[in-house]
Structures are given as C-alpha cells and as structure tokens.
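>
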Amino acid sequence: LSAAAVPETGGVGYSQASYYTILGLYVMSFPGIWSQVKRSTAAKVKRKTYVSDGENAAGGKGLRQQAGEIMAYMKANNYEVVDAGETITFRGVVQRSASQAFFLVFCT
Numbered sequence: 019l020s021a022a023a024v025p026e027t028g029g030v031g032y033s034q035a036s037y038y039t040i041l042g043l044y045v046m047s048f049p050g051i052w053s054q055v056k057r058s059t060a061a062k063v064k065r066k067t068y069v070s071d072g073e074n075a076a077g078g079k080g081l082r083q084q085a086g087e088i089m090a091y092m093k094a095n096n097y098e099v100v101d102a103g104e105t106i107t108f109r110g111v112v113q114r115s116a117s118q119a120f121f122l123v124f125c126t
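In the numbering used here, the protein residues as written are 19 to 126.
(1) CB-CB under 8 Å to V112, same chain, minus the five flanking residues each way: which ones, in chain order?
(2) Which residue from S53, K56, P49, T107 puts its Cα closest to that of Y68?
(3) Taking the alpha helix (DSSP H) that D123 belongs to, which residues open and close that run?
(4) What are the start and end residues of the alpha helix (DSSP H) that includes R82?
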C-alpha cells in the first residue's frame, strides 16, 4: 500500500464527503419515517354496512345465524362489541403502542 492510502494514527479512514452525504440523507428522511409511524398507529374509523338476503329468500339464513356469523367474523379480527342495539357497533381491541412506534423508528 502506498503511504497516501493509509491514514496516519488518529486520522480519518473514510471520505468526509460520503459521511456527510449519508448523514444528510438520513436527516432528510427522518421526518417522513416519523410521520409514517405516527400515521400507522393512529385509529382508523371505518363504517361498514352488511346487507344480506333475509330468511324468506331462497337459501337465506335466519337473523340469529346471520348475526352470529358476523359477530364471529369480527371477533376473529380483533374487534369487540360496543353497542348491540338496532345497529351493532364494533371497536378494535388492538391499542396503539408507543413502544412499537419507537421500535419501527429504530429499525429504519
């Protein structure tokens, strides 16, 4: 190796330009990563209406059977019943987690 290729003791063994370029790219991407994490942990409110054939239709299911199937589907997808009147309202069981958000920021 030539003497110019080997850094002197205590010297820098990498290009300062590449170091600051990578540092600048990371700093510029951090706000986008942070907003992505915040958006992914925010609650998303969805309103869905299920319409099915009544029990008098050919191959129709009874009201209790339809409600039971919808209830089982929603519980299997981590939802709980909030209100069960004329309209059944479900709420997601999974809560937002600050530790998951920090982990995602750390990994990226």
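The beta-carbon is built from N, C-alpha and C at its ideal position, and this holds for glycine as well. All of these numbers come straight from a predicted model, not from anything done at the bench.
On the basis of the data shown:
(1) By one-based count along the sequence shown, residue 112 stands at place 94. Leaving aside the five residues that flank V112 on each side, the residues in its chain whose CB is nearer than 8 Å to its CB run, in chain order, N96.
(2) Stepping through the sequence shown from its first residue, residue 68 is reached at position 50. Of the candidates S53, K56, P49, T107, the residue whose Cα lies closest to the Cα of Y68 is T107.
(3) Position 105 of the sequence shown holds residue 123. This sequence places Val at residue 123; Asp is not what is there. From DSSP, the alpha helix (DSSP H) with V123 extends over 116 to 125.
(4) Here residue 82 is taken as the residue at index 64 of the sequence shown, counted from 1. According to the DSSP assignment, R82 belongs to the alpha helix (DSSP H) that extends over 81 to 94.
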